[in-house]
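Counting in the working numbering, the sequence shown runs from 21 upward without gaps. Even glycine gets a Cβ: it sits at the ideal position worked out from N, Cα and C. Please read all numbers here as calculations on a predicted model, not as lab measurements.
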Amino acid sequence: MTGRPLRLLILEDRPEDAELALRELRRAGFDPSWRRVDDEAGFKANLDPELDLVLADYHQPQFDALRALKLMQDAGLEIPFVIVSG
Numbered sequence: 021m022t023g024r025p026l027r028l029l030i031l032e033d034r035p036e037d038a039e040l041a042l043r044e045l046r047r048a049g050f051d052p053s054w055r056r057v058d059d060e061a062g063f064k065a066n067l068d069p070e071l072d073l074v075l076a077d078y079h080q081p082q083f084d085a086l087r088a089l090k091l092m093q094d095a096g097l098e099i100p101f102v103i104v105s106g
């Protein structure tokens with residue numbers, strides 16, 4: 021059985037935390053295609069208006085979720101943006 025497709029950008033500095041989020045999305049019936057980035061350059065390079073969702077860790081050492089949200093807004097992109105912390 022295939023889940024619902026979900027194009028996802030994950031802003032997270034810890035790969036294991038990204039995997040936890042992906043596991044929960046799969047359990048919820050999604051089939052995510054995703055990229056994980058952990059800095060501003062990677063975030064900018066992977067922003068795409070075709071994304072379904074951005075998941076962003078609230079606080080990271082070099083680049084945080086609020087800065088990422090601002091960049092997305094400045095680019096005029098209206099992609100659902102969820103901030104996670106943990």
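Close Cβ partners of residue i (< 6 angstroms) along its chain, the five nearest in sequence each way excluded
| i | result |
| --- | --- |
| A76 | L31, A85, A88 and I103 |
| G23 | G49, F50 and D51 |
Given residue i as reference, the closest of the options once Cα atoms are compared
| i | options | result |
| --- | --- | --- |
| P100 | D72, G106 and L42 | D72 |
Pairwise C-alpha distance: residue j and residue i
| i | j | result |
| --- | --- | --- |
| P69 | E98 | 8 angstroms |
| N66 | Y78 | 18 angstroms |
| Q82 | D59 | 6 angstroms |
| L40 | A61 | 24 angstroms |
| V74 | L29 | 5 angstroms |
| K90 | K64 | 11 angstroms |
Residues near residue i by beta carbon distance below 8 angstroms, same chain, minus five either side
| i | result |
| --- | --- |
| R46 | G23 and P52 |
| E36 | none |
Where residue i falls: helix, strand or coil (DSSP)
| i | result |
| --- | --- |
| F83 | coil |
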